[in-house]
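Data first, discussion second: the structure below is written as structure tokens.
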Amino acid sequence: MIGKDDAGRRWSIGEVAQASGVTVRTLYHYDEIGLLSASERTASGHRRYTRRDVRRLYRVRALRALGLSLEEIAGVLANSTDDLAAMRDLLTAQLRELEAHAARIQRLTHRLGGLLEQIGSGSMPDSGQFMMTLEMISVFETSFTTEQREQLARRRAELGQEAVEAAKTEWAGLVEELLRHVQDDTSVDDPRVRVLVGRWDALANRFHANGRDGEQTRAAARGMWRENSEEIGRSLPWPAARMRDLVDYLERARQAGRDDRPFRK
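Read in order, the letters of the sequence shown are residues 17 to 281 in this note's numbering.
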């Protein structure tokens, strides 16, 4: 456990992963891209994280939760200092986001309460379906603003039901293919993986508007996947843990693609 009395303590990569909720693979990736590196190594070469490293990881996680990409986070950290003022600003922004999140949950609670009061003696879904539906509604409502939900609904209507169903089928096939690469630990630089990730993002883009509005709903959708994988996973035919690994794999592949771009002629 990482606590206030840990002056001088060092943490292994496994301890940091367990405490922070990120995978060891993600910490390796943060190291590879220069976002977060362990300040020390043991005589046998094992990573050891210091209190300063833990604070930096907290900043990475907090900025990620606020919707920034890894590339954007790197820019923020490069242009800010690790002092009380910087941490205060970050915590203030995080608190405001959590307060807005709490307000959305309260509105959703009232809405669902009203719906439940209207349920009569008709046919009722089984408890598993009902709880799953409530969780999915909660995830969706708290991840997107009202305006963003309306934008997504309009886009789905423009595509039409047939196109939406075809996209679902295509997406399921992409999940299966990419999960095999995750299981095989295929490099994210592998051309086959790049093609699949490109298809994944192109498919997702069909459901988002062009321009800044689309960028915002895409960012919110990715945040929803990152922060609510357990709830979302219950409605999918794949284990939630595998889907979390897949989302992490996709992000690493996208980052690798961004890193390659400046070197292309």
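Note that the Cβ used here is the ideal one computed from N, Cα and C, for glycine as well.
- Looking at the DSSP output, Tyr65 shares a beta bridge with Trp27.
- Sequence-distant Cβ neighbours of Ala102 in its own chain, meaning closer than 7 Å and more than five residues away, are Ser96.
- In the displayed model, Arg57 falls within a strand according to three-state DSSP.
- Counting only the Cα atoms, Ser53 lies some 23 Å from Asp105.
- Each residue's CA atom was taken as its position, placing Thr233 and Leu84 some 13 Å apart.
- If only uninterrupted alpha helix (DSSP H) runs of at least 4 residues are considered, those enclosed by the region 198-230 are 207-221.
- In the three-state scheme derived from DSSP, where H, G and I count as helix and E and B as strand, Trp254 is classed as coil.
- Bounds of any alpha helix (DSSP H) do not take in Asp99, whose DSSP letter is neither H nor E.
- Around the Cβ of Gln271, a 10 Å sphere holds 16 or more other Cβ atoms; the residue is buried.
- Annotation for Glu193: Leu212 place their beta carbon closer than 8 Å to its own, counting only its chain and skipping 5 residues before and after.
- DSSP, read as helix, strand or coil, puts Leu82 in coil.
- The C-alpha of Arg67 lies about 10 Å from the C-alpha of Leu73.
- Distance check between Ala169 and each of His224, Asp206, Gly24, Arg208 places His224 closest, using alpha-carbon atoms only.
- Judged by DSSP secondary structure, Thr39 falls outside any alpha helix (DSSP H); it is assigned neither H nor E.
- Cβ contact annotation for Trp27 (same chain, cutoff 6 Å, sequence separation greater than five): Tyr65, in chain order.
- In terms of Cβ geometry, Ile89 and His62 do not form a close pair [threshold 9 Å].
- Annotated three-state conformation of Ile89 is helix, per DSSP.
- With respect to the 9 Å criterion, Val209 and Ala269 are classified as neighbours on the basis of their beta carbons.
- The beta carbon of Arg215 lies closer than 7 Å to those of Leu190 in the same chain, with the five residues before and after it left out.
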